[in-house]
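Chemist: Next up is a structure, given as structure tokens.
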Amino acid sequence: MTSTNDYQFWPFPVSEEERQIPEQAEKLDFLQDVYSDGFESYRAVHGLDDYGANSESRSGYILQRGRKNRWEFLLLEGGDILFSALVNCFKVAGAALRAWLSGRTTNDILENVKEYLISPPRLEDSWKRGIKKTKDRG
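Residues in the sequence shown are numbered consecutively from 60, following our numbering.
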């Protein structure tokens with residue numbers, strides 16, 4: 060079970076040094092852009108390089124997987140994971156999550172991320188649709 064203590068919700072204070080690191084700057088830009096779109100955005104605070112965002116009915120996560128530039132994004136609606144993909148670029152994952160929160164379909168999102176998909180060993184595809192129902196977090 061997660062709590063709000065596990066996340067740092069945007070806007071939060073950021074040092075100028077952190078803004079100067081390109082990898083951090085693109086993640087901060089994602090948080091700011093989602094927030095500017097009118098949605099809630101946050102990052103994990105316990106050493107994980109994970110991010111998330113919520114609208115009233117949709118949500119999603121961006122999770123670092125393994126080495127640098129390997130990101131899984133998950134798109135949820137009503138607590139169900141409807142789509143997941145593994146891509147090689149944080150900005151692509153962030154754009155997919157923003158598009159999802161703005162009402163785009165999983166077909167639209169798959170079309171937009173196709174050239175960035177990566178296939179890990181032992182998996183047939185780097186994306187899945189209609190994954191599973193999540194447990195109630197309440």
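Glycine included, C-beta positions come from ideal geometry on N, C-alpha and C.
With 16 other CB atoms within 10 Å as the buried threshold, where does residue 107 fall?
Modeler: Stepping through the sequence shown from its first residue, residue 107 is reached at position 48. Answer is exposed; the Cβ neighbour count stays below 16.
Chemist: Flag residue 69 as yes if its beta-carbon sits less than 9 Å from any beta-carbon of chain B, otherwise no.
Modeler: Looking at the structure shown, chain B is missing, and only one protein chain is on hand.
Chemist: Is it right to say residue 27 is buried, meaning 16 or more other beta carbons lie within 10 angstroms of its own, or is it exposed?
Modeler: The requested residue 27 does not occur in the structure, where the chain is confined to residues 60 to 197.
Chemist: Going by C-alpha to C-alpha distance, which of 163, 74, 91 and 172 sits closest to residue 147?
Modeler: Start at 1 with the first residue of the sequence shown, and residue 147 comes out as number 88. Of 163, 74, 91 and 172, the residue nearest in Cα terms is 172.
Chemist: Among residues of its own chain, excluding the 5 on either side of residue 159, which ones have a beta-carbon nearer than 7 Å to its beta-carbon?
Modeler: For this step, residue 159 is matched to residue 100 along the sequence shown. Around residue 159: 117, 119, 134 and 168.
Chemist: For the alpha helix (DSSP H) holding residue 167, just list the boundary residues, first then last.
Modeler: Locating residue 167 in the sequence shown gives position 108, counting from the first residue. From DSSP, the alpha helix (DSSP H) with residue 167 extends over 165 to 172.
Chemist: With three or more C-beta pairs closer than 8 Å as the rule, is the segment 93 to 101 touching the segment 63 to 78?
Modeler: Judged by Cβ distances under 8 Å, the segment 63 to 78 makes contact with the segment 93 to 101, as three or more pairs qualify.
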